[in-house]
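Trainee: Residue numbers (the working numbering): 172 to 419.
All C-beta atoms, glycine included, are put in the ideal place defined by N, C-alpha and C.
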């Protein structure tokens with residue numbers, strides 16, 4: 172049975188590693204989907220928030236002179252309970268107007284944003300922060316909308332998905348290991364029996380010769396008989412050789 176346990180342990184370990192990789196990849200994919208959904212959600216919000224400012228710039232009004240900027244940002248913030256703050260940022264990093272909490276480091280975000288390339292998103296301290304450039308009529312980016320969103324719900328969903336996948340993986344591993352064990356036991360029944368018989372004959376031979384504990388008559392199989400006869404022949408030949416040497 173020793174060979175069976177070794178094969179079964181190896182197969183079960185391989186199944187566990189495969190399941191672990193599968194769960195990890197699935198969780199990473201789910202996290203990426205959550206981040207994509209957050210990015211799209213914030214992108215739509217930022218675009219709708221930026222429209223009044225784009226209209227103001229179209230008639231030659233600079234962003235800093237938009238008097239109702241705070242009201243526009245506050246109206247956008249109230250559209251989603253998860254929004255922590257919305258800020259109107261100029262390229263130098265100065266906050267022109269804001270609504271909600273002032274927890275985001277706007278100057279740091281300004282250095283991260285490549286305003287000619289598009290929006291920049293990142294997670295920091297349980298928040299999802301997005302910097303979305305405001306495109307001017309001339310094609311430049313005279314400012315940006317910075318949206319800070321509470322990502323706790325997304326993180327909780329990711330952890331819940333991880334727990335569900337882990338539980339399913341453990342259950343599948345238990346069932347799969349049992350199925351593998353039964354399959355191996357049936358498929359290699361004759362081979363396992365032959366290997367066990369060989370181990371038993373070798374153990375009997377070692378006990379007979381090295382430990383001085385003779386086996387009972389009829390005990391052991393064909394291999395035990397062959398080993399015993401070979402050892403007896405070897406001893407007889409050795410004794411004859413010693414006798415011939417003494418005679419000479």
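By DSSP, does residue 265 sit in helix, in strand, or in coil?
Mentor: Position 94 of the chain shown, counting from 1, holds the residue named residue 265. Coil.
Trainee: When DSSP builds the beta bridges, which residues end up paired with residue 298?
Mentor: For the purposes of this step, residue 298 is taken as residue 127 along the chain shown, with counting starting at 1. In the DSSP output, where bridge partners are listed per residue, residue 298 has 295, 321.
Trainee: Smallest Cα separation from residue 333: which of 190, 179, 182, 194?
Mentor: As a working mapping, residue 333 is identified with position 162 in the chain shown. Residue 333 has its Cα closest to that of 194, out of 190, 179, 182, 194.
Trainee: Please classify residue 247 as buried or exposed, where buried requires at least 16 other C-beta atoms within 10 Å of its C-beta.
Mentor: If you number the chain shown from 1, residue 247 lands on position 76. With 16 or more Cβ atoms within 10 Å of its Cβ, residue 247 is classed as buried.
Trainee: Which whole-angstrom value describes the C-beta separation of residue 301 and residue 213, a residue pair presumed to lie in contact below a C-beta threshold of 8 Å?
Mentor: Mapped onto the chain shown, residue 301 falls at position 130. Mapped onto the chain shown, residue 213 falls at position 42. The pair is a contact, with the Cβ atoms about 4 Å apart (cut-off 8 Å).
Trainee: Within 10 angstroms of its Cβ, does residue 282 collect 16 or more other Cβ (buried), or is it exposed?
Mentor: The sequence position of residue 282 within the chain shown is 111, counting from 1. With a pLDDT of only 48 at residue 282, under 50, the local geometry of the prediction cannot be trusted, and the value read off the model is given with reservation. Classification for residue 282: exposed.
Trainee: How big is the Cα-Cα spacing for residue 344 and residue 175?
Mentor: Translated into positions along the chain shown, residue 344 becomes position 173. Translated into positions along the chain shown, residue 175 becomes position 4. So the alpha carbons of these two residues sit roughly 18 Å apart.
Trainee: What do you get for residue 404, buried or exposed, if any count of 16 or more other CB atoms within 10 angstroms of its CB means buried?
Mentor: Counting from one through the chain shown, the residue named residue 404 turns up at place 233. By the neighbour-count rule (16 or more Cβ atoms within 10 Å), residue 404 is not buried but exposed.
Trainee: List the whole-angstrom C-beta distance separating residue 299 from residue 209, where the pair is believed to meet the contact cut-off of C-beta under 8 Å.
Mentor: If you number the chain shown from 1, residue 299 lands on position 128. If you number the chain shown from 1, residue 209 lands on position 38. That pair is a contact at about 5 Å.
Trainee: Does the ligand FAD have a heavy atom nearer than 7 Å to the CB of residue 244?
Mentor: For the structure depicted, the ligand FAD is absent and the ligand set is empty, with no information on it obtainable.
Trainee: How is residue 429 classed by DSSP in three states: helix, strand or coil?
Mentor: The question about residue 429 has no answer here: the residues shown for the chain are numbered 172 through 419.
Trainee: Just the Cα atoms here: how many angstroms apart are residue 321 and residue 206?
Mentor: As a first step, residue 321 is located in the chain shown; it is residue number 150 there, counting from the start. As a first step, residue 206 is located in the chain shown; it is residue number 35 there, counting from the start. C-alpha of residue 321 to C-alpha of residue 206: approximately 12 Å in a straight line.
Trainee: In the DSSP assignment, the beta strand (DSSP E) including residue 234 goes from what residue to what residue?
Mentor: Within the chain shown, numbered from 1, the residue matching residue 234 stands at position 63. First-last for residue 234: undefined, no H or E at that position.
Trainee: Thinking just about the alpha-carbon of each residue, which of 356, 363, 359, 397 is nearest to the one in residue 375?
Mentor: Numbered from its first residue, the chain shown carries residue 375 at position 204. When each option's Cα is compared against that of residue 375, the closest is 397.
Trainee: Output the distance between the C-alpha atoms of residue 225 and residue 254, rounded to the nearest integer angstrom.
Mentor: Against the chain shown, residue 225 aligns to sequence position 54. Against the chain shown, residue 254 aligns to sequence position 83. Distance between the alpha carbons of residue 225 and residue 254: 22 Å.
Trainee: Which whole-angstrom value describes the C-beta separation of residue 318 and residue 216, a residue pair presumed to lie in contact below a C-beta threshold of 8 Å?
Mentor: Reading the chain shown from its first residue, position 147 is the one you call residue 318. Reading the chain shown from its first residue, position 45 is the one you call residue 216. The Cβ separation is near 6 Å, so the contact holds.
Trainee: Would you list, in sequence order, the uninterrupted beta strand (DSSP E) runs of no fewer than 3 residues that lie entirely inside the segment 322-363?
Mentor: none
Trainee: Rounded to a whole number of angstroms, what is the C-alpha to C-alpha distance between residue 182 and residue 359?
Mentor: Walking along the chain shown from the start, residue 182 turns up at place 11. Walking along the chain shown from the start, residue 359 turns up at place 188. The straight-line gap from Cα to Cα measures roughly 14 Å.
Trainee: Taking only the alpha-carbon atoms, compute the straight-line gap between residue 292 and residue 179 and give it to the nearest angstrom.
Mentor: Counting from 1 along the chain shown, the entry for residue 292 is found at position 121. Counting from 1 along the chain shown, the entry for residue 179 is found at position 8. Cα to Cα, the separation comes out at about 48 Å.
Trainee: Secondary structure at residue 218, three-state DSSP: helix, strand or coil?
Mentor: Within the chain shown, the letter at position 47 stands for residue 218. Residue state, collapsed to three classes: helix.
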